[in-house]
Structure formats: structure tokens, C-alpha cells
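Okay, so here's the structure we're looking at.
In my numbering, the protein residues as written are 2 to 256.
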């Protein structure tokens, strides 16, 4: 597929002969927003590590932007935000602006002064995640949700085509989470960034994402949000092995 950002074929991964991922086939098209869900231990983190080239699968292939991952060089096309990002100690002496601009250092070399264009990029990334008024604030003073937005801005600043977020709402309070997902939806729609969101919040995200993939060693489901919602709670419960309540949302958007 020419517009596939990610194309995974027949990927299997073992740790000590134990199958963690078995025959995964997954295509993610440009501009889509994929929610990747699955119980703990289902292989989600392993799959991300295979995508980021940190682990080599024993079988199958991973292609990024049409290129075999082993040949893939444009690492800055992919932004990654881990769930560890928000475990910052509050004494950490860096402003939002400093943290975000550090996302450019890979390209800049660490101690070069920021040019005007870098300042512009940094400001634009901070604005994209709605933190402009906190630009000079010490990151340690921010809430968990604001810290996580800062790390997303840091990933955005190098202008990636694909942004991967691993459980980004861990440690973010429920009220903020909804706004947080709206922000991701906005980044996807307005900036056209392809997003992959690894999450437990199945119910919360179905009205934000364009596609859902359910992983539990195998890929049990991959389709668009409507198909996923049609599968309903029974299908999901079969997949998780216990009952799952999908919270259906009244689609009033709170801003």
C-alpha cells in the first residue's frame, strides 16, 4: 500500500521460546488515528518496540513509510511518548520551552543557540498542545496532564509524520483525560499526523480514534471505529477473557 505509514506482515516475537506476538498483520494508513488496546501482557509494548526498531522480531517484516525497518533512517519522522514521561520529579529545573526545544537537539547538536526558526517551531509545538501560557513555567509545577502535553510537544517539534503514544494518560486525572484526547484528535485532524495510541481506555477513545486494533498475542480485531463499536461488549469480553464495559458517550463535546 503506497499510503501505508506502517505495514507489518506475519510478525512473531518470542522471549525464551514463549510467544509474545504471533503472526501479526497490521497496516496503518497515513492520517489515521489508531487506538491499540489489549490486556496487560498482551504484547503491546513489544509491538511498539518492534515498530521503533528496538527489538527484532524472529519472523515477519516491519515496513515504515514503505521502507524495510532495517534500512529505515529517518528516525525523526517518528515521535514517541512513553508513559514514563510524566514521572518527572518536581524539582527538575527546566521550563516547558526548554523541554520542548530539547526535541530539536538531535538535529541541532546540543549547545547551539536556538535560531529564530527553532524558536518558532518550539512555540508552534507548545501552542499545538495548548500550553502557550505556560511556556516559561517550570515543568515540575505543572499537573500530570500538562507535563504529558509538554512531552507530546517535544515529540511534535521535530515535525514527525507518525506519533506513537504509550499509555499517555497514566497519572492524568479523569477530567483532564477527555480534553487530552480531544487535543490528540485535533493534532490528527488539523496537522494530519498519523497517531498510534496504546491505551486501556477503550470506551473513552472510540469516538476520537479512526481505527482500533485489539491485541492479545494475536491481532484479534482491526478495523475502523464504527466496526469496533458494532462488535459490542460481548465480542470484547470474549477477547479479554472477562467482561468489559464499553462506556458509550453522549457525544456532547465539552471544551
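C-beta atoms are modelled at their ideal positions from N, C-alpha and C, and glycine is treated no differently.
Assumed close pair residue i, residue j - CB separation to whole angstroms, cut-off 8 Å
{"i": "residue 163", "j": "residue 79", "result": "5 Å"}
{"i": "residue 156", "j": "residue 81", "result": "6 Å"}
{"i": "residue 35", "j": "residue 47", "result": "With 8 Å as the limit, residue 35 and residue 47 do not qualify as a contact, their Cβ atoms being about 17 Å apart."}
Helix, strand or coil at residue i [DSSP, three-state]
{"i": "residue 96", "result": "strand"}
{"i": "residue 189", "result": "helix"}
{"i": "residue 70", "result": "coil"}
{"i": "residue 123", "result": "helix"}
{"i": "residue 131", "result": "coil"}
{"i": "residue 194", "result": "coil"}
{"i": "residue 211", "result": "coil"}
{"i": "residue 170", "result": "coil"}
{"i": "residue 218", "result": "coil"}
{"i": "residue 105", "result": "helix"}
{"i": "residue 13", "result": "strand"}
{"i": "residue 18", "result": "coil"}
{"i": "residue 256", "result": "Only weak support exists for where residue 256 lies, its pLDDT of 43 falling under 50; the value from the coordinates is given anyway. Looking at residue 256 - three-state DSSP - the assignment turns out to be coil, as it is neither helix nor strand."}
{"i": "residue 224", "result": "strand"}
Between the CA atoms of residue j and residue i - distance to the nearest angstrom
{"i": "residue 250", "j": "residue 98", "result": "Unreliable positioning characterises residue 250 in this predicted model, as indicated by a pLDDT of 46, which lies under 50. A coordinate reading is not provided."}
{"i": "residue 135", "j": "residue 153", "result": "15 Å"}
{"i": "residue 221", "j": "residue 187", "result": "28 Å"}
{"i": "residue 254", "j": "residue 208", "result": "Only weak support is given to the placement of residue 254: the predicted model assigns it a pLDDT of 43, under 50, and the question is left unresolved by the model."}
{"i": "residue 210", "j": "residue 38", "result": "12 Å"}
{"i": "residue 199", "j": "residue 115", "result": "33 Å"}
{"i": "residue 175", "j": "residue 128", "result": "22 Å"}
{"i": "residue 32", "j": "residue 190", "result": "8 Å"}
{"i": "residue 73", "j": "residue 40", "result": "30 Å"}
{"i": "residue 256", "j": "residue 52", "result": "With a pLDDT of 43 at residue 256, under the threshold of 50, the predicted position of this residue should be treated as unreliable, and no value is reported."}
{"i": "residue 203", "j": "residue 20", "result": "25 Å"}
{"i": "residue 183", "j": "residue 125", "result": "18 Å"}
{"i": "residue 65", "j": "residue 117", "result": "32 Å"}
{"i": "residue 54", "j": "residue 197", "result": "16 Å"}
{"i": "residue 70", "j": "residue 171", "result": "29 Å"}
Closest by C-alpha distance to residue i, when choosing among the options
{"i": "residue 30", "options": "133, 17, 190, 195", "result": "195"}
{"i": "residue 17", "options": "32, 59, 50, 131", "result": "59"}
{"i": "residue 227", "options": "219, 62, 214", "result": "214"}
{"i": "residue 146", "options": "230, 158, 181", "result": "181"}
{"i": "residue 49", "options": "166, 179, 185", "result": "166"}
{"i": "residue 148", "options": "71, 84, 160", "result": "84"}
{"i": "residue 185", "options": "224, 223, 130", "result": "130"}
{"i": "residue 121", "options": "169, 201, 158, 54", "result": "158"}
{"i": "residue 143", "options": "94, 123, 126, 183", "result": "94"}
Pair within 9 Å by beta-carbon distance, residue i and residue j
{"i": "residue 173", "j": "residue 140", "result": "no"}
{"i": "residue 62", "j": "residue 7", "result": "no"}
{"i": "residue 13", "j": "residue 216", "result": "no"}
{"i": "residue 105", "j": "residue 119", "result": "yes"}
{"i": "residue 178", "j": "residue 151", "result": "no"}
{"i": "residue 218", "j": "residue 27", "result": "no"}
{"i": "residue 138", "j": "residue 103", "result": "no"}
{"i": "residue 77", "j": "residue 160", "result": "yes"}
{"i": "residue 201", "j": "residue 230", "result": "no"}
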